[in-house]
Amino acid sequence: MSFLQYLSEVFAKSPFYAKAERLWQENQENYWLPLSKLEKVYLGSYIILKDYAKGDFPPTFADQALAYEAEESFFFSLPGVNPKQALESDMRKPFWFQNERYIRYFLELSYSLKVCNIKPPQTILELGAGSGWMSEFLASMGFKAIATTIGQSSVDQIQQRIKSLQAKGLGNNLKGFRSPMESIDISLQREGDPLVDAIFVFEALHHAYDWRKTFSAVYNSLKSGGWFLICREPNVLHTFISYRVARLSNTHEIGMSRAEILGTLRDLGFQKQIVLKNHVHFLIKPHWIAAQK
């Protein structure tokens, strides 16, 4: 144990964190345990100190298969959460009562597409689409949308959205299939789909097992001149801020460096990069970046 690890252990066991162990035990039984912002910071710092002392922080994910399995079982493994209710809530997204922020985020995505001159009826693929609500909206706008996700339960949700579009005569505008982000190029070939005009990822890239490999697969999946949009992906401090949530869900909650993102895009051959939002980010504001092949 290093000296810093020793100090972390001592601090975690200090009277200051006397309440934290009880809160953590309660939180591990109830994912939605009511916590104030201050309590979230307090509890999160306790977990980080405790795990750092054991050598478990920062988190590492050595087994790709286990990482994929954890992502697939997300809705079925949250402590104290009914999976059926969680899936139903996900199908209502973004129309959550008194929580309109995802509607705003979709409008920001729509604006980003406009900046890059991406418009219907071009083909746009979503990585980590979850239930596919954004892809459904894009299909309604006239895009040929492809929603990809890692879990079968999410593919089933996408199929429900396709049925909804079919009722409006727009069913041919949306398709969905399972694929890890890191092998989307291989999955497109498997599905018999040609290269696409644009690919975007929203609040999902940080769940990828290897985001650099994902970038390479994206590059191979785009037409010449096609665009890759990185939308509201977390910054460096997210690893610390969301560590408690990561421990509860056993999934990736890893923040990314803007310099590393832009550098990787350049190294892969993306000829143009645009920072769409949050030029000044203080390592905490999310990334909105577009890159053209």
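For the sequence shown, our numbering gives the first residue as 1468, with consecutive numbering after it. Think of the CB as a built atom: it goes at the ideal place given N, C-alpha and C, for glycine as much as any other residue.
- Taking a cut-off of 8 angstroms for Cβ pairs, the segment 1697-1708 and the segment 1718-1737 touch, as three or more such pairs fall below it.
- One alpha carbon belongs to residue 1537, the other to residue 1718, and they sit about 6 angstroms apart.
- In its chain, beyond the 5 residues on either side, 1498 have a beta carbon closer than 6 angstroms to the beta carbon of residue 1548.
- If you draw a 10 Å sphere on the C-beta of residue 1505, you find fewer than 16 other C-beta atoms in it, and that means exposed.
- For residue 1648 against residue 1614, the beta-carbon gap comes to about 13 angstroms, at or over 8 angstroms, which does not count as contact.
- In the DSSP assignment, residue 1622 falls outside any beta strand (DSSP E) and lies within the alpha helix (DSSP H) extending over 1619-1634.
- Between the alpha carbons of residue 1602 and residue 1511 lies a distance of about 34 angstroms.
- Setting aside the 5 residues that flank it on each side, residue 1732 is surrounded in the same chain by 1740 and 1758, each with a C-beta closer than 6 angstroms to its C-beta; the list follows chain order.
- Within the same chain, 1573 come within 8 angstroms of residue 1604 by CB-CB distance, once the 5 residues on both sides are set aside.
- Runs of the beta strand (DSSP E) spanning 3 or more residues and lying entirely within the segment 1551-1590 do not occur at all.
- Within a 10 Å sphere around the beta-carbon of residue 1682 sit 16 or more other beta-carbons, which makes this residue buried.
- Secondary-structure assignment with DSSP links residue 1695 through a beta bridge to 1666 and 1758.
- Counting other Cβ atoms within 10 Å of its Cβ, residue 1737 reaches 16 or more and is therefore classed as buried.
- Of the residues assessed, residue 1633 falls on the exposed side of the cut-off, its CB having fewer than 16 other CB atoms within 10 angstroms.
- Under the criterion of beta carbons closer than 8 angstroms, residue 1618 and residue 1557 do not qualify as touching, at roughly 11 angstroms.
- Here the alpha carbon of residue 1589 sits roughly 19 angstroms from the alpha carbon of residue 1698.
- Going by DSSP, residue 1643 is part of the beta strand (DSSP E) stretching over 1641-1645.
- In terms of CA proximity to residue 1609, 1591 leads the group 1645, 1591, 1712 and 1530.
- At a cut-off of 4 residues, the continuous stretches assigned as alpha helix (DSSP H) that sit fully inside the segment 1695-1734 are 1705-1708 and 1710-1716.
- Taking 8 angstroms as the cut-off, the beta carbon of residue 1541 is found no closer than this to the beta carbon of residue 1650.
- Around the beta carbon of residue 1578, fewer than 16 other beta carbons sit within 10 angstroms, so the residue counts as exposed.
- With contacts defined as CB atoms closer than 8 angstroms, residue 1667 and residue 1576 qualify as a contacting pair.
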